[in-house]
Amino acid sequence: IMMGVNPEDNSITGIEILEHMETPGLGANIEKGEFKNQFKEKSLANSKLVDGKLAVKKNKGDIEALTGATISSRGVTEAVDKGLKVFLKYKEEILGEKKPEVTDG
Numbered sequence: 004i005m006m007g008v009n010p011e012d013n014s015i016t017g018i019e020i021l022e023h024m025e026t027p028g029l030g031a032n033i034e035k036g037e038f039k040n041q042f043k044e045k046s047l048a049n050s051k052l053v054d055g056k057l058a059v060k061k062n063k064g065d066i067e068a069l070t071g072a073t074i075s076s077r078g079v080t081e082a083v084d085k086g087l088k089v090f091l092k093y094k095e096e097i098l099g100e101k102k103p104e105v106t107d108g
């Protein structure tokens with residue numbers, strides 16, 4: 004999964020599914036705009052989090068899982084959540100505002 008994040012408000016600008024091995028017509032629908040567009044403008048600050056994570060509605064979050072592909076939907080949602088958290092952790096380095104620490108070894 005590739006995702007874009009707006010550094011101004013830490014919201015997702017979009018996601019792209021680069022590769023998957025999902026069943027055509029079911030899990031493969033994770034590639035479609037209707038599913039992917041749910042993530043646009045989401046952030047950890049404006050989303051319904053479950054245990055501090057983005058989640059599908061079936062788990063009390065606010066991402067609508069695909070019919071017949073709840074596990075695939077959860078997987079994408081989890082990957083986006085992790086990606087957003089990595090961005091937030093390394094935001095200063097990513098934006099060039101902080102030099103990464105150099106360590107020996």
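Okay, so the sequence shown: first residue is 4 according to my numbering, each after it adds one.
Note that the Cβ used here is the ideal one computed from N, Cα and C, for glycine as well.
By alpha-carbon positions, which one of the options ends up nearest to residue i?
| i | options | result |
| --- | --- | --- |
| ASN9 | SER46, VAL83, ALA68 and ASN40 | SER46 |
| ASN40 | LEU91, GLU67 and LYS56 | GLU67 |
| LEU57 | ASP107, SER14, GLU104 and VAL105 | SER14 |
| THR70 | GLY7, ILE33 and GLU104 | ILE33 |
| ASP84 | PHE42, LYS61, PHE38 and THR73 | PHE42 |
Name the one or two DSSP bridge partners that residue i has.
| i | result |
| --- | --- |
| VAL79 | DSSP lists no partner for VAL79. |
| ASN49 | Partner(s): none; ASN49 has no beta bridge. |
Indicate the three-state DSSP secondary structure (helix, strand or coil) for residue i in the structure shown.
| i | result |
| --- | --- |
| VAL59 | strand |
| VAL105 | coil |
| THR70 | coil |
| GLU19 | strand |
Locate the alpha helix (DSSP H) running through residue i, then write down its first and last residues.
| i | result |
| --- | --- |
| GLU34 | Counting along the chain, GLU34 falls outside any alpha helix (DSSP H), and DSSP gives it neither H nor E. |
Between which two residues does the beta strand (DSSP E) harbouring residue i extend?
| i | result |
| --- | --- |
| ASN9 | 5-9 |
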